[in-house]
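Under this note's numbering, the first residue of the sequence shown is numbered 87, with each subsequent residue one higher. Contents: one structure, followed by commentary.
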Amino acid sequence: MAKRPAPQGPPPERLSVSKLGKRRNREAVLPPEALLPELTLGGDPSQRVAGPPPPLALRTHGDEGLSLVLADAVAASGRSERATHGFHAYPAGMHPDCARAVIAACPGPVHDPFCGGGTVLVEAALAGRASSGTDLSPIALLVAGARTADPGLAGPLRAASRRIAAAGQLRSPVEPGDERLQEWYEPHVHDELARMMALIVAEAEPLRSLLEAVFSSVVVKASYRESDTSNRRVVSHRPPGTTSVLFHKKARELARKLEELPPHEAPRLRLADARRRGPPPGTGIVITSPPYPGVYDYLPMQQLRLAWLGLDPGRGLAAEVGSRRSFRALGRAEALTQWRADTAEWIACQGEALESGARLAIVVGDGLVGDRPVDALGPTVEAMRLAGLEIVARASADRADHARDTLRTEHIVLGEKRARVSAQPKPAAT
Ligand SMILES: C[S@@+](CC[C@H](N)C(=O)[O-])C[C@H]1O[C@@H](n2cnc3c(N)ncnc32)[C@H](O)[C@@H]1O
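Listed below in structure tokens is the structure:
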């Protein structure tokens, strides 16, 4: 993989607000090199690195200081592997530097209603802030919980995984399992996984969940599935014993990464619909990236993991916001109407629970349905206003989408809860 080119010349100068010469509430177009001067612009495909490419253009709006913070956040590019971020694949993760920039600028406990693999919660832990999160997917909560686990569990995790991996390699008979699972593995790989799983479920919490997350991190890699985001079948061979070795390696990786986290309070995690459950009282900043319209099917993508771990997606399947399958089933116009209604509902639920002065930051990307763009910014801003939030700043970044030979735009919108002004003034006391 090509490496990011080393910076040339003197260190980049950070652009000061005054140099940008923006006026409040006027759209400002930032030259992207002002914020990211060390990166090659234009996303030369031969120079591509893992993670999002640098933006081609940035636009800001609103409060000068905060819109610069947001521009920096939405421009985050490349890969960031600090602490536990790199452990376990999770689709459409927020860039850790984006979460870090917004958290640093907004005080108080942090909440993410679409927490996915827990990027925001890891950054909250690194910043020494209390946090909470919800998601519809039990796999999301398993991963988020593992990435934010107590660093004190690293030692017990190493010891238990060594024992379990050794048992996985023994050729002892296993109970005949789920036929749908067997189809996706070489027989010896399936049996190794089944032997390890039988031992994992016998462990007590909180170690059991950590071991399940490690197990979950290997089940797609060891299968015939092409990747996490594609269920195309690609038959491949894994020598006997290597799946257990991979499990042990991933457990040691998680243990090492957990030890990079400072001692922190475990985030409060709940399996819940973001349209129904808001942030806990006292939350200072809700920061989240909801599903982009028509891009992914989050729960169906986790089929193999759900089956191995005996987890039921339950009503979650019907409650997923903006799913790709809803766009296929309902057609573009109806699915967009549904996505807008869901967006208004979850923002109202989060916004109404916030106390005056608390903030909501939403990272949202324009969707792409049938090669036609879907505007995500307009409905998001409108829903925030309706929920009693004043839009204090926003920033947008355009990036090259080489696969489709087009530009994709991502936005961050920051709203602040205002005290409700009573519509009817009270009659003067007599
Ligand atoms: C873009 S991902 C979030 C990724 C996350 N920010 C991270 O960095 O890993 C969107 C998440 O929304 C979840 N989701 C979809 N509909 C939901 C709903 N109605 N309530 C709660 N979570 C939902 C999906 O399961 C998925 O994990």
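By construction, the Cβ of each residue, glycine as well, lies at the ideal position given by its N, Cα and C atoms.
Within the stretch 165 to 193, no run of beta strand (DSSP E) at least 3 residues long lies entirely inside it. Judged by DSSP secondary structure, Pro242 falls within the alpha helix (DSSP H) whose first and last residues are Ala240 to Gln255. Short note on Phe413: C-beta not closer than 7 Å to any heavy atom of ligand 1. The three-state secondary structure of Arg418, taken from DSSP, is helix. With a cut-off of 7 Å, the C-beta of Arg257 is classified as distant from ligand 1, since no heavy atom of the ligand falls inside that distance. CA-to-CA, the gap between Glu420 and Ala430 works out to about 16 Å.
Residues Gln388 and Arg391 of the same chain have their beta carbon placed closer than 6 Å to that of Ile225, with the five preceding and five following residues left out of the count. Val381 sits in coil when the DSSP states are folded into three classes, being neither helix nor strand.
Linking Ala447 to Leu440 through their CA atoms gives a straight-line distance of about 12 Å. With fewer than three CB-CB distances shorter than 8 Å, the stretch 139 to 155 does not count as touching the stretch 165 to 185. At a cut-off of 7 Å, the beta-carbon of Arg361 counts as near ligand 1: some heavy atom of the ligand is closer than that.
When the five nearest sequence neighbours on each side are left out, the beta carbons in the same chain lying within less than 8 Å of the beta carbon of Gly263 are those of His276 and Ala280, in order along the chain.
Restricting attention to beta strand (DSSP E) runs no shorter than 3 residues, the stretch 342 to 409 encloses them at 354 to 357 and 371 to 374, ordered along the chain.
Under DSSP, no beta-bridge partner is assigned to Leu156.
For Gly464, no beta strand (DSSP E) encloses it; the enclosing alpha helix (DSSP H) starts and ends at Leu463 to Leu472. The secondary-structure analysis by DSSP pairs Pro459 across a beta bridge with Leu454. Using a 10 angstroms sphere on the CB of Thr205, the tally of other CB atoms reaches 16 or more, which defines it as buried. Cβ-Cβ distances below 6 Å link Ser247 to His334 and Ala337 in the same chain, with the five nearest sequence neighbours on each side left out; the list follows chain order. Residue burial is scored here from C-beta neighbours: Gly148 has at least 16 other C-beta atoms within 10 angstroms and is therefore classed as buried. In the structure shown, Glu289 falls within a coil segment according to DSSP collapsed to helix, strand and coil.
Only residues of its own chain outside the window of five on either side were considered, and among them Pro177, Ala178, Thr315, Ser409 and Arg410 have a CB closer than 8 Å to the CB of Tyr382, listed in chain order. One thing to note: Gly254 has its Cβ within 8 Å of the Cβ of Ser330. Fewer than three beta-carbon pairs drawn from the stretch 392 to 400 and the stretch 460 to 467 are found closer than 8 Å, and the two stretches are therefore not classed as touching. The stretch 236 to 251 and the stretch 337 to 357 touch, with no fewer than 3 CB-CB distances between them shorter than 8 Å. Contact between the stretch 292 to 310 and the stretch 354 to 367 is absent: fewer than three C-beta pairs spanning the two stretches fall below 8 Å.
The DSSP-derived three-state label of Leu212 is helix. Glu312 carries a strand assignment under DSSP once its states are collapsed to helix, strand and coil.
Annotation: Gly202 to Arg426 spans about 21 Å, alpha carbon to alpha carbon. Here the distance from the Cβ of Glu406 to the nearest heavy atom of ligand 1 is below 7 Å.
A straight line joining the alpha-carbon of His497 with that of Asp221 spans about 21 Å. Between Arg504 and Ala404, the alpha-carbon positions lie close to 33 Å from each other.
At least one heavy atom of ligand 1 sits closer than 7 Å to the Cβ of Ser223.
Relative to ligand 1, even the nearest heavy atom lies 7 Å or more away from the CB of Cys184. DSSP places Arg480 in the uninterrupted beta strand (DSSP E) bounded by Leu475 to Asp487. Within the same chain, Ile433, Ala434, Gly437 and Glu438 come within 7 Å of Ala473 by CB-CB distance, once the 5 residues on both sides are set aside. Here the stretch 186 to 197 lies against the stretch 205 to 220, with 3 or more beta-carbon pairs under 8 Å apart.
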